[in-house]
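Asker: Below is one structure. I have some questions about it.
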Amino acid sequence: MIYDFSAIQNTSYYSSAFVDQIKYLQVKGIGLDDPEFGRVGYLVIISDNTDVQLKAEQTRNNLAILKAVLLSGRSIVGEYDVEDDELYIDPVLNDHAVNNPLFDYLKMYNYLSIQELRDLGQFGEEEKNNMIPLLKVIRGEINNCSFTYKLTVKDRPVWIRINAQAHKINKEGQPSKVICYITDLTEEKRLEEKLQQARDESRRNEMEMQKAREADMLKSTFLANMSHEIRTPLNAIVGFSGIIAEMDTEEDKSEYVKIINKNCDLLLRLITDILDFSKIESGVMEYSLSDVNIKEICSEQYRVHSLKVQEGVTMVCDLAALPDVTLHTDPKRVTQIISNLLSNAIKFTEQGSITLSYTLKRDHILFEISDTGIGISAKHLESIFERFTKVDSFRQGTGLGLSICKTIVKALNGDIGVSSTPGKGSRFWFTLPC
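Under the working numbering, the first residue of the sequence shown carries the number 59, and numbering increases by one thereafter.
Here you go:
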């Protein structure tokens, strides 16, 4: 009797419950037919495939877990072939990575050489150095590495971290494969930048608040001092005016008149500074532009302030060497700046000289007022143009003059600055556009 075993009637898996376990059985059955009697029986083959099924199920579970980890970590896995110089991105293993410019790019090409990866990089010295560990893994010098890398994908910057592990080591200790775990750090970098911006903004706000608190304290001190600053010249004016009325000799009267005039000038400057500061604070400072002869202004200020310098101090202004310059600017404000800077120099210079000059540059004129006075310390230089700042609290003044000068210069599209050496003198300068 001959049976046709090729005519298999049924091939399938059956789950059969055992005590405290499940078995996976493969059952194959075929009918046994006799030419004379017909179907006489069946041949059934049962195979225990439990181990195969459990391993397959475990593989599926592991793959699902791996995909979940990759998805949550915004990562993909690639295998780099050392001999072929190709990084292979398995589209099945990495099918979770959708709508990601970097991963879409890598999966689109599937294979990517190290040189192509380098070509995507935005190379600075740091990026060049970061590639070195990966090359060492490829050469078998080290087993693994981790580094951060910046790419440009579709005209967008993308940050990634690559963890590389040598795989399939040959007898010579060289890897034939390198497993690359690639993580997209772009979102983290963006959040880090936002966090840093928030921190910077917080610091700036704190600094502004600190400046505001300091300004309030300075303003309170300023208001408290103003009564004294104004009362001092007023007392001198009133007192010496009474003394003059009782004097007989013209020589004595002349000396006291000088004192009265000096205090009148001081009082006038105090009031002018206060009024200008008030205008600046309220935003109503006015400027009237016209053609101005700069040489005439400097000549006038030189003559006026030459009479105010202390004994032993020389006022210097080489008018003959100064070029004739006409600017379209505010003559009143230019005069005010020069006058304030000269008055400051006179106040702090007890011997030596005070020099007024200007130089014509290509697109601006540079004014300079230098002296051989007491100078300014480095810590005061940074805030010398701030409101209510006084280098010497024992000398009369509002502490507003230099701040007003800076405001005026900026309004006239110029710049202002100072350099100084304590004990040797100072050099104030400002520019105005031609």
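Ideal Cβ positions, reconstructed from N, Cα and C, are used throughout, including at glycine.
If you measure between the beta carbons of Leu490 and Asp331, is that distance less than 8 angstroms?
Answerer: The answer is no: Cβ separation not under 8 angstroms.
Asker: Any chance you could list the beta strand (DSSP E) runs of at least 3 consecutive residues sitting entirely within the region 287 to 368, in chain order?
Answerer: If we require 3 residues or more, the beta strand (DSSP E) runs fully inside the region 287 to 368 come out as 348 to 351.
Asker: Can you look up Leu243 in the DSSP assignment and give me helix, strand or coil?
Answerer: The answer is coil: DSSP assigns Leu243 none of H, G, I, E or B.
Asker: Of all the options Lys337, Leu380 and Leu365, which has the alpha carbon lying nearest to the alpha carbon of Ile352?
Answerer: Nearest of Lys337, Leu380 and Leu365 to Ile352, Cα basis: Leu380.
Asker: Could you tell me which residues DSSP pairs with Asn221 in its beta bridges?
Answerer: Bridge partners of Asn221: Ser204 and Tyr239.
Asker: Which residues does DSSP pair with Met373 in a beta bridge?
Answerer: According to DSSP, which records beta bridges pairwise, Met373 is partnered with Ile412.
Asker: Considering only the alpha carbon of each residue, which of Ile190, Val102, Ser340 and Glu358 lies closest to Tyr207?
Answerer: Of the listed residues, the one whose Cα sits closest to Tyr207 is Ile190.
Asker: Whole angstroms is fine: what's the gap from Glu115's alpha carbon to Val236's?
Answerer: Each residue's alpha carbon lies about 27 angstroms from the other.
Asker: When the Cα atoms are used, what is the spatial distance from Ala273 to Ile134?
Answerer: Their backbone Cα atoms lie some 56 angstroms apart in a straight line.
Asker: Run through the DSSP bridge pairs and tell me what Pro233 is partnered with.
Answerer: Looking at the DSSP assignment, Pro233 forms a beta bridge with Ile227.
Asker: Could you work out which residue in Phe443, His386, Asp382 and Asn402 is closest to Leu418 when comparing CA atoms only?
Answerer: Leu418 has its Cα closest to that of Asp382, out of Phe443, His386, Asp382 and Asn402.
Asker: According to DSSP, simplified to helix, strand and coil, what is Ile432?
Answerer: Of the three classes helix, strand and coil, the one that applies to Ile432 here is coil, per DSSP.
Asker: Can you tell which of Val296, Ile466 and Ile196 has the C-alpha that lies nearest to the C-alpha of Gly341?
Answerer: It is Ile466 whose Cα lies nearest to the Cα of Gly341.
Asker: Tell me the DSSP secondary structure of Thr407 in three-state form.
Answerer: Correct three-state label for Thr407: coil.
Asker: For Asn202, which of His225, Ile218 and Trp217 has the nearest alpha-carbon?
Answerer: If we check each option's Cα against that of Asn202, His225 comes out closest.
Asker: Taking only beta-carbon positions, decide if Gly297 is within less than 8 angstroms of chain B.
Answerer: Checking the listed chains, one finds no chain B in this structure; it contains a single protein chain.
Asker: For Ile196 and Pro233, what's the separation of their Cα atoms in angstroms?
Answerer: Their backbone Cα atoms lie some 7 angstroms apart in a straight line.
Asker: Among residues of its own chain, excluding the 5 on either side of Thr479, which ones have a beta-carbon nearer than 8 angstroms to its beta-carbon?
Answerer: Closer than 8 angstroms at the Cβ level, and outside the excluded window around Thr479, lie Gly433.
Asker: If His494 and Cys492 are in contact, beta carbons under 8 angstroms, what's the gap, nearest whole angstrom?
Answerer: For residue 494 there is no data in the structure shown, the boundaries of the chain being 59 and 492.
Asker: Put Pro491 into one of helix, strand or coil per three-state DSSP.
Answerer: Three-state DSSP puts Pro491 in a strand.
Asker: If you count every other CB in all the chains shown that lies within 10 Å of the CB of Ser484, and 16 or more means buried, which is it?
Answerer: The residue in question, Ser484, is buried, as its Cβ has 16 or more Cβ neighbours within 10 Å.
Asker: Check the C-beta distance from Cys375 over to Ser415 and give it rounded, since I have them as a contact under 8 angstroms.
Answerer: 7 angstroms between Cβ atoms; contact.
Asker: Expressed to the nearest angstrom, what Euclidean distance is found between the alpha-carbon atoms of Gln223 and Leu253?
Answerer: Near 33 angstroms, if we compare the C-alpha coordinates of Leu253 and Gln223.
Asker: Count the other CB atoms, across all protein chains shown, that sit within 10 Å of the CB of Phe181; report buried if there are 16 or more and exposed otherwise.
Answerer: With a pLDDT of 49 at Phe181, under the threshold of 50, the predicted position of this residue should be treated as unreliable, though the coordinate-derived value follows. The residue in question, Phe181, is exposed, as its Cβ has fewer than 16 Cβ neighbours within 10 Å.
Asker: Is it true that the CB of Leu460 sits closer than 8 angstroms to the CB of Phe443?
Answerer: The answer is yes: Cβ separation under 8 angstroms.
Asker: Does the distance from the CB of Thr372 to the CB of Val350 come in under 8 angstroms?
Answerer: No, the pair does not count as a contact, with Cβ atoms beyond the cut-off.
Asker: From the DSSP output, which residues share a beta bridge with Pro215?
Answerer: Note: Pro215 sits in a beta bridge opposite Thr210.
Asker: Under 7 angstroms Cβ to Cβ from Glu369, same chain only, skipping five residues before and after it: list those, please.
Answerer: Answer for Glu369: no residue qualifies.
Asker: Measure the C-alpha to C-alpha separation of Val85 and Asp142 and round it to an integer number of angstroms.
Answerer: The alpha-carbon atoms of Val85 and Asp142 are separated by roughly 45 angstroms.
Asker: How about Leu347 and His386: are their beta carbons less than 8 angstroms apart?
Answerer: Against a cut-off of 8 angstroms, the Cβ pair of His386 and Leu347 comes out as a contact.
Asker: Between the beta-carbon of Lys482 and the beta-carbon of Thr430, is there less than 8 angstroms?
Answerer: For Lys482 and Thr430, yes; Cβs fall inside 8 angstroms.
Asker: Indicate the three-state DSSP secondary structure (helix, strand or coil) for Arg485 in the structure shown.
Answerer: Strand, per DSSP.
Asker: What is the residue span of the alpha helix (DSSP H) that Val467 lies within?
Answerer: Start and end: Gly459 to Ala469.
Asker: Out of Phe486, Ile395 and Ser357, which one is the CA nearest neighbour of Ser477?
Answerer: Checking every option, the nearest Cα to that of Ser477 belongs to Phe486.
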